[in-house]
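Read in order, the letters of the sequence shown are residues 7 to 89 in the working numbering.
Just so you know, even glycine gets a beta-carbon here, dropped at the ideal spot from N, CA and C.
As the structure is a prediction and not an experimental result, all values here were calculated from the model.
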Amino acid sequence: MKTKKDKQYSFEHVCKRLNDRFCLSITLKEFDYLSSQFKIDKSNMILVENRDQEIHQVRFKGLLVTFVYSTSRGYITTALKWV
């Protein structure tokens, strides 16, 4: 059975990845704010992976964090440890 990848799923996934990779936490309000920053080009886009996914870097809680943003969904789908 396939998991429905909705906004709540993505939020929980980003929470887990930020905790695992950076020891950071994020609130839903911060998640929404960051997602809105990608929509209005207030981040450093470093790669367009395909028509639907962009990779952005943004300073979050003092660290430079790389996020994958889904243009079709309009929110962040994961956080990466980018070297």
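Assignment of SER76 by DSSP, reduced to helix, strand and coil, places it in the strand class.
Here the C-alpha atom of SER16 lies approximately 7 Å from the C-alpha atom of ILE82.
ARG23 places its beta carbon less than 7 Å from that of THR84.
Secondary structure of LEU24 (DSSP, three-state): helix. If you check the CB distance, SER76 and ASP58 come in under 7 Å. Within a 10 Å sphere around the beta-carbon of VAL74 sit 16 or more other beta-carbons, which makes this residue buried.
At the C-beta level, GLN43 and ILE52 stay beyond 7 Å of one another.
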